[in-house]
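In this note's numbering, the protein residues as written are 35 to 321. Each residue gets a CB set at the ideal place from its N, CA and C atoms; glycine is no exception. Report on one structure; see the data block that follows.
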Amino acid sequence: MITLFTRTTLIRGARRGSPGRRARRAAAVALAVAAVLPLAASCAAGTSVLDKDALVIGVKPDQPGLGVKVSPGKYRGFDIDVATYVARKLGKPVRFVDAPSSQRERLLMDGAVDLIFATYSITPERKTKVAFGGPYYVAHQDTLVRTGQAAIDNVRDLRDRKLCQVTGSNSWKRVKEERKIPVVLVPSASYSECVSDLRAGKVDAVSTDDLILAGFATPGTTIVNAPFSDERYGVGIRNGDVDGCEAVNKAITEMYQDGTAKRLLERWFARSGLALTFTVPQFEGCG
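Okay, structure coming up:
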């Protein structure tokens with residue numbers, strides 16, 4: 035391990051002792067500073083995704099239409115296709131790994147992944163821990179219920195109902211904390227588990243992004259179609275990687291301009307009946 039002393043510490047040391055000793059120490063300071071600066075620069079090098087030979091990208095393994103693991107190391111869905119497009123524009127091969135909602139910040143902060151494409155809504159709280167490129171799409175929170183379930187026509191009708199709460203997701207907060215709707219929260223590890231609980235009658239509703247719900251909606255369940263928030267899907271990236279963030283944003287812009295975004299959205303969600311948006315979202319900014 036190399037210990038780096040501050041410039042002030044070195045100069046104070048040089049001021050002590052006889053004139054001859056001070057001169058020798060001053061020369062040592064110059065040499066020490068000259069040696070420290072390249073080392074400090076090298077410590078900062080290689081921290082951008084642009085410096086990587088290949089990218090490790092975190093995605094969801096269990097969200098139909100967005101990210102599903104079909105075999106070890108192989109995934110499919112809208113987020114996977116978008117991530118593949120961006121990585122190709124960056125000139126990087128890519129390897130995908132699971133990124134559950136509860137682990138997304140930690141995976142980035144620990145360096146286990148380089149980017150995250152996993153229905154990762156941009157929020158002020160998350161921006162205190164990680165940075166975001168994009169958004170690459172703006173979804174809207176809605177509600178999934180059992181078909182024929184009476185008197186749930188919008189989010190306000192969830193009062194006193196059992197609402198699924200996924201660990202690491204902010205969707206339940208939009209209902210209980212932001213809109214002050216008194217729901218009974220039922221914890222769950224994932225949205226796939228939530229939908230299973232909905233079908234089994236263990237919860238009354240699942241509320242989250244409409245693209246997520248569209249992937250899970252099957253006979254026996256119904257999307258209420260009463261959206262009540264904007265969910266900006268960002269590309270999770272480590273704090274400080276401004277160059278990498280700007281390169282990601284450039285790739286996303288090109289994805290919309292060349293028609294790829296429209297093609298991918300229609301491929302995965304045209305049958306859902308959702309009103310899809312094909313224009314470039316307003317970016318968060320990489321500063």
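Classify residue i: buried if its beta carbon has 16 or more other beta carbons within 10 angstroms, exposed otherwise.
i	result
V93	buried
V104	exposed
N188	exposed
R272	buried
G107	exposed
P127	exposed
G319	exposed
P261	buried
Q175	buried
G278	buried
D87	exposed
P221	exposed
Could you check where the beta strand (DSSP E) with residue i kicks off and where it finishes?
i	result
G101	101–105
L89	89–93
A165	165–180
R129	128–132
G268	264–271
T256	255–257
Which partner residues of residue i appear in the DSSP bridge assignment?
i	result
Y225	None; Y225 has no bridge partner.
K196	V218
K108	S105
V147	Beta-bridge pairing links V147 to no other residue.
V116	Bridge partners of V116: none, in fact.
I156	According to DSSP, I156 bridges with nothing at all.
Q97	G101
Note the first and the last residue of the continuous alpha helix (DSSP H) segment covering residue i.
i	result
D277	276–291
R297	294–303
F250	244–250
For residue i versus residue j, is the C-beta distance shorter than 8 Å?
i	j	result
Y267	Y154	yes
S84	A281	Checking the sequence shown, residue 84 turns out to be Leu, not Ser. Cβ atoms of L84 and A281: closer than 8 Å.
W302	G168	no
T311	V258	no
V229	L197	no
G274	T81	yes
Does at least one heavy atom of the ligand COA sit under 7 Å from the Cβ of residue i?
i	result
G92	Annotation note on the ligand COA: not contained in the displayed structure, which lists no ligands.
*Determine, using beta-carbon pairs with one atom in the stretch 294–312 and one in the stretch 238–256, whether at least three such pairs fall under 8 Å.*
A contact is defined here as three or more CB-CB pairs under 8 Å, and the stretch 294–312 meets this definition with respect to the stretch 238–256.
*Are the stretch 197–217 and the stretch 101–120 in contact at 8 Å, needing three or more beta carbon pairs?*
In short, these stretches do not touch, since the Cβ pair count stays below three.
*Three or more beta-carbon pairs under 8 Å between the stretch 213–220 and the stretch 140–152, yes or no?*
Contact fails: fewer than three Cβ-Cβ distances are below 8 Å.
*asked:* Is it the case that the stretch 198–206 contacts the stretch 131–149, given that we only count it when at least three CB pairs across the two stretches are under 8 Å?
replied: Enough Cβ pairs lie closer than 8 Å, so yes.
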